[in-house]
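Notes follow once the structure below has been shown.
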Amino acid sequence: MSKKRFAYVWDAIEDTPAQAENMKLRSALMMALKDHIARTGLSQSEAAKLLGVTQPRISDLIRGKSSESGRAVGAGRSEPAHC
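Just so you know, we're using full-length UniProt numbering here: the sequence shown kicks off at 1 and counts up by one.
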């Protein structure tokens with residue numbers, strides 16, 4: 001049996017290329033937000049207020065809980081976050 005290799009984990013676990021691309025973008029967004037929060041020294045409460053979410057959602061983001069984080073910051077929202 002040959003082993004198939006994937007460039008990204010999302011390509012292996014998502015059903016369609018579109019779903020994989022969506023998850024790649026969400027991952028990139030979550031990492032960028034996490035880095036921004038750390039770089040600017042925002043508290044979780046301050047970041048939550050700026051993003052219009054609760055502090056526990058930001059905590060999920062910081063701890064890498066991706067199943068919650070994508071929704072945590074409103075990935076796919078039509079209005080911009082005010083960071």
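Just so it is clear, CB atoms sit at the ideal spot from N, CA and C, and this is done for glycine as well.
Three-state class that DSSP yields for residue i in the structure shown
i	result
D15	coil
T54	coil
A32	helix
L42	coil
K3	coil
K49	helix
K65	coil
Integer Cβ distance of residue i from residue j, believed to fall under 8 Å
i	j	result
L61	M30	6 Å
Burial state of residue i, where buried means 16 or more other Cβ atoms lie within 10 Å
i	result
I58	buried
A48	buried
Do three or more CB pairs link the segment 34 to 45 to the segment 6 to 21 at distances below 8 Å? no
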